[in-house]
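By the count of the numbering used here, the sequence shown reaches residue 258 at its end, each step adding exactly one.
Positions of the beta carbon are idealized from the N, C-alpha and C atoms, including for glycine.
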Amino acid sequence: MRALNDIWRNIGNEFGCYTSETFDQIPTRPGVYAWFYPLRIATRDLDEFMAEMLAIQNYDSTTLGKPKHRTSVEFAWRKIILDVELGSKEPTFDSFRNIWDAAIADEQLFYHLRAVFMRASLFLNPLYVGKTRNLHNRCYQHVNGVGGSNNFYERFMNYASKNKLNAKTVSDLIFACIRTDDESIGSPEELELLVEDLLKYLANPSFSIK
Numbered sequence: 049m050r051a052l053n054d055i056w057r058n059i060g061n062e063f064g065c066y067t068s069e070t071f072d073q074i075p076t077r078p079g080v081y082a083w084f085y086p087l088r089i090a091t092r093d094l095d096e097f098m099a100e101m102l103a104i105q106n107y108d109s110t111t112l113g114k115p116k117h118r119t120s121v122e123f124a125w126r127k128i129i130l131d132v133e134l135g136s137k138e139p140t141f142d143s144f145r146n147i148w149d150a151a152i153a154d155e156q157l158f159y160h161l162r163a164v165f166m167r168a169s170l171f172l173n174p175l176y177v178g179k180t181r182n183l184h185n186r187c188y189q190h191v192n193g194v195g196g197s198n199n200f201y202e203r204f205m206n207y208a209s210k211n212k213l214n215a216k217t218v219s220d221l222i223f224a225c226i227r228t229d230d231e232s233i234g235s236p237e238e239l240e241l242l243v244e245d246l247l248k249y250l251a252n253p254s255f256s257i258k
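Below, the structure is given as structure tokens:
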């Protein structure tokens, strides 16, 4: 049995990232997958860019929007009503805004900055995590909105439209997947279910339903 760290030597054989230009290359194999929002810098305004990225991270599938909840604590004759909302800290850019300004003033440097951020898209929490017996078909099911109401397609499309996101459709997102089949053991479906459930707890995909 090979050392576990050896998987990184040929990770490209079992892991892949795809966009609308390469969806047709997704393998027709079983596996687990995740949708990521692209860190695409589509503006020269730093505050505008960060506002979009924080908006996509600040979503909760139970409220179909900002993570907020109302609850009450009962006493004998009175009660306390609590409105709770989970939000992000207001970012401050004063320490590096001059670096940003210098980058956007130089087209070559600005392109390099945009490319670095695009590659870093996988550093964000995924929007959605799932499992499937056919990664290729499952990707296109999400892209085309196949399924019942309140599926990932509907949740993302509604939120993207409401918040005027630059990634307006599921096809604008990044599809990352890992094959779960193996020549020696086949492709046990129970393994995919286990990996999917554990990844949801660990990755906190904002558009997945618990």
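Under the 10 Å beta carbon count, His117 is surrounded by fewer than 16 other beta carbons and is classified as exposed. Around the C-beta of Pro236, fewer than 16 other C-beta atoms lie within 10 Å, and the residue is accordingly described as exposed. Of the other Cβ atoms in all chains shown, 16 or more fall within 10 Å of the Cβ of Ile74; this residue is therefore buried. The beta carbons of Ile222 and Pro86 sit closer together than 8 angstroms. Residue Ile147 holds the alpha-carbon nearest to the alpha-carbon of Asp93 among Arg181, Ile147 and Thr228. In the structure shown, Lys137 adopts coil according to DSSP, grouped into three states. When the five nearest sequence neighbours on each side are left out, the beta carbons in the same chain lying within less than 8 angstroms of the beta carbon of Ala208 are those of Ala215, Lys216 and Thr217, in order along the chain. By alpha-carbon distance to Phe144, the top candidate from Ile89, Asp95 and Lys114 is Asp95. The C-beta of Glu155 has fewer than 16 other C-beta atoms within 10 Å across all chains shown, which makes the residue exposed.
When Met98, Ile89, Leu250 and Phe84 are compared, the shortest CA-CA separation from Thr140 is found for Met98. In the three-state reduction of the DSSP assignment, Val194 falls in the coil class. Residue burial is scored here from C-beta neighbours: Lys179 has at least 16 other C-beta atoms within 10 angstroms and is therefore classed as buried. Lys127 sits close to Ser120, with the two beta carbons spaced by under 8 angstroms. Shown here, Lys210 sits in a helix according to DSSP, grouped into three states. DSSP, read as helix, strand or coil, puts Asp220 in helix.
Partner residues in a beta bridge of Ala99, as assigned by DSSP, do not exist. Per DSSP, Lys248 is not a residue of any beta strand (DSSP E); the alpha helix (DSSP H) it occupies stretches across Glu237 to Ala251. The beta-carbon separation of Met166 and Arg88, rounded to 6 angstroms, stays under the 8 angstroms limit for a contact. Counting along the chain, Tyr159 sits inside no beta strand (DSSP E); it lies in the alpha helix (DSSP H) bounded by residues Glu155 to Arg167.
Phe255 is a Cβ neighbour of Leu175, given a cutoff of 8 angstroms. When rounded, the separation of the alpha-carbon atoms in Trp83 and Arg203 is 13 angstroms.
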